[in-house]
Amino acid sequence: MNVPVKKKRIVGTTTPADRGSLGEELAARLEQILSSDSFDIASARSGLGEAASTIREQSGQQAILTALYETATEIIDVHVVGQVLQAAVNRAKVLLNSDLAYLALYDQQSKGTRVTATVGSVSSDFGSLHVPLGAGMGGKVSQLREPFFTPDYLKDERLVHLPRVDVGIKAEGVRGMVGVPLIARNQFLGALFVADRVVRHYTASEVSWLQALAALIAVALENARLFEREEASLKQTQIAYQSLNARLAASEREASIHRRIVAILERNGSLEELSSVIEKDLNATAGFVPALGGDADVPLEEKSYSSGVGDPAVLTLRVKTNAALTGSDRRILERVVQAAETLLLRKTVRGIEKALVGSAVFQRLMTAGVSVGEATAFRGELQIDLLKPCRIAAFRSGEHSPEALMSMVRQAIGDVPHLVAQSEGVALALYEEGGPVSAESLQGAINIVAGGRVAVGSVLCPEPVVNADKAVRRAINSVDLVVMLGKAGDHTADLNATPEALLLRNAEPDDVAAYIEAALGTVFAYEGSRTGELIATIRAYFAAGLNAAKAAEALGIHYKTVMQRLDRISKIAGIDFKDPRQMFRLQIALFMLGMKGS
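The following block contains the structure:
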């Protein structure tokens, strides 16, 4: 039944004046009955029954007023939303002497209500039941924004029944139910419900009592929410104030240390002075050590700091503290690193100028050439003799640009006289043969500096003044072959004198065709117009790292089929798959074949 609630004094309540006039009226009625000439038992019984009914009604209304007053007193000082909600359902259950009471708050996003407080429920799922707008009792009250009750929920056809909602109702055994909206400041907050596990017809007075209780609860709920918001805002303000004070103190400390660092830079001080700033102000141990590749920058820990100085790093600042590093500490350390980089920059300007001159000389060697007289002059300036046998090395890495590799090469070679340049996307280095730098030691050093595997191909150049350009071409071809063979980062022997030198010079198309024919011609002849399954098997076998099982998996065929094909290829072409030399030739032939698009 849909019960509209009028905005007037709650039905059934009395004032002291009402109760006085009611007592006088009862006394007058009793005196009238006793003094009547036609007094009889039936009339007296009827009159006394009416009087008793009136007294009971007055007594019930007085109890309701007392309960509402106690509710208001109980929740007036409650500032926690959860406590207000629980107090509401406890009081509602007692007020209507029902089996169950619950409160559902309105969810703005889902436009429905969700149960947030219960008393008397037996189902664990009921305490979080969500009811969409218009469905069930919750949805009905949310939609109408006025009281609504039903004597038997599951049989009431006025309600929209959703299976998942009705399941929760059935689990509680609910039949009779009444709900009233919670409204404060014209805003719908949710609904308060009481329910019974029997059929019950709620009276208008009971609905009015529950609505009066809901009005109290709505105001208390809104006040509790407001208090929680204000309390949260106050806490945020306090936190912000504390944070501001901490940042101010840290800024003053940073400014003082910054002035000391600037003073060191102005007098062109040393790295040791920068270390002393850290040790004094951060109560730590600090020092600059040579960078070792990937060790130049390590993850920051709570009580340690490590950062490379320079790009790429040539030194590493390492710090150990007794306490955890703060954000301010890390900013100070970053400024120290920047100051150290400035000092290093000043000290290495001459070295950079020398490197630029060396690069220009190397570029001339590769293009226009250098005269004997110029080579003699460069020997005094660059400490390298271009009239003696030298080694030219080419460096390639997918992780670093040629420019970055050039810088890394300079670090790897160190103080040994050398020239560095770039050509065709690779970094190049020229240094005297027979000196402290060997091809093997250079390979290890560049891997460390780069923090990964770098492909290196080197060739001997008997007289750079005459044939540096050709040696550079062979070095680039050599490093490309190293990459093709998957040997980047590994030291490889000089490939200049092998039959496979075909890849290390500008080969003619006929040479390539002849090489492929020599290695795979019999296989092509055998397959003829077939699908090329033998060539595909060889490629898959190499791609799988000479693992027949993986090759079979890649081809989608049986392992035995792969073995049979390899055996057939071995017989047709006379290839021994256990001979590294033959395997090398075969792989180069396949590479050439792929380059031709076959």
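When we follow the numbering used here, the leftmost residue of the sequence shown carries the number 308, and every step to the right adds one.
For glycine and all other residues, C-beta sits at the position ideal for the given N, C-alpha and C.
Count the other CB atoms within 10 Å of the CB of residue i; is the residue buried (16 or more) or exposed (fewer)?
i	result
Tyr822	buried
Leu541	exposed
Asn590	exposed
Arg316	Legend: pLDDT at Arg316 = 35, less than 50; position of this residue unreliable, no value from coordinates given.
Asp636	buried
Ser582	buried
Pro454	buried
Ile895	buried
Ala684	exposed
Ser515	buried
Gly741	exposed
Arg398	buried
Ala804	Interpretation of Ala804 is limited by its pLDDT of 37, a score under 50 that renders its predicted location unreliable; no figure is taken from the coordinates.
Thr628	buried
Lys654	exposed
Leu523	buried
Arg507	buried
Check the C-beta distance from residue i over to residue j and give it rounded, since I have them as a contact under 8 Å.
i	j	result
Val772	Leu726	The pair is not a contact, with the Cβ atoms about 13 Å apart (cut-off 8 Å).
Phe702	Val733	6 Å
Leu407	Glu513	Their Cβ separation, rounded to whole angstroms, is 15 Å, which puts Leu407 and Glu513 out of contact at 8 Å.
Ser704	Ala757	6 Å
Leu992	Tyr848	Lying outside 308 to 905, the shown extent of the chain, residue 992 is not represented and no answer is given.
Val467	Ala491	About 27 Å; that fails the 8 Å criterion.
Gly594	Arg625	6 Å
Gly434	Val426	Incorrect: roughly 10 Å between the Cβ atoms, too far for contact.
Val396	Ala531	At roughly 15 Å, the Cβ-Cβ gap does not stay under 8 Å, so Val396 and Ala531 are not in contact.
Pro724	Leu689	6 Å
Ala775	Met673	6 Å
Tyr413	Phe495	6 Å
So, are the CB atoms of residue i and residue j less than 8 Å apart?
i	j	result
Gly497	Ala411	yes
Ile845	Ile864	no
Met870	Ala850	no
Ile659	Met715	no
Glu561	Arg638	yes
Leu469	Gly443	yes
Pro743	Gln729	no
Val677	Arg671	yes
Ile882	Leu893	yes
Could you pull out every residue in the same chain whose Cβ sits closer than 6 Å to the Cβ of residue i, ignoring the five residues on either side in sequence?
i	result
Ala521	Val487, Leu489, Leu499
Val644	Ser614, Val616, Leu624
Asp463	Thr457
Ser611	Lys627
Measuring only the C-alpha atoms, how far is residue i from residue j?
i	j	result
Ala843	Gly835	14 Å
Gly796	Gln718	17 Å
Arg482	Tyr548	56 Å
Val429	Leu451	28 Å
His798	Glu681	34 Å
Leu712	Glu824	38 Å
Arg363	Glu537	For Arg363, the pLDDT reaches just 49, beneath the cut-off of 50, and the residue's location in the model is therefore unreliable, leaving the point undetermined.
His565	Ser614	19 Å
Glu739	Ile691	7 Å
Val584	Glu648	16 Å
Thr868	Glu860	11 Å
Gln545	Ala539	10 Å
Thr829	Gly759	41 Å
Glu529	Asn493	11 Å
Leu403	Arg554	58 Å
Val616	Ile568	16 Å
Leu737	Leu767	10 Å
Arg780	Pro769	14 Å
Ile720	Ala675	26 Å
Leu652	Glu641	16 Å
Val761	Ala832	40 Å
Thr913	Gly634	Within the shown structure, residues of the chain are numbered from 308 to 905, placing residue 913 beyond reach of any answer.
Lys878	Asp886	14 Å
Ile509	Val438	Just to set this straight, residue 509 is Tyr in the shown sequence, not Ile. Each residue's alpha carbon lies about 23 Å from the other.
With respect to 7 Å, is the separation between the Cβ of residue i and the closest non-hydrogen atom of the ligand GTP below this value?
i	result
Arg698	The model depicted lacks the ligand GTP and carries no ligand whatsoever.
Looking only at its own chain, which residues have a Cβ that is under 7 Å from the Cβ of residue i, when we skip the five neighbours before and after it?
i	result
Pro597	Leu622
Ser431	none
Leu440	Lys418, Gly419, Gly446, Ser449, Gln450
Leu578	Phe595, Ala647, Leu650
Ser558	none
Tyr866	Ala855, Ala856, Ala859
Return the chain-ordered list of same chain residues with a C-beta closer than 8 Å to the C-beta of residue i, the five sequence neighbours on each side being excluded.
i	result
Asp503	Ser405, Asp406, Leu407, Val481, Arg482, Gly483, Met484
Ser765	Arg698, Ile699, Ala700, Ala701, Ala746, Leu749, Ala782, Ser785, Asp801
Leu572	Ala646, Thr649, Leu650
Glu840	Glu834, Arg872
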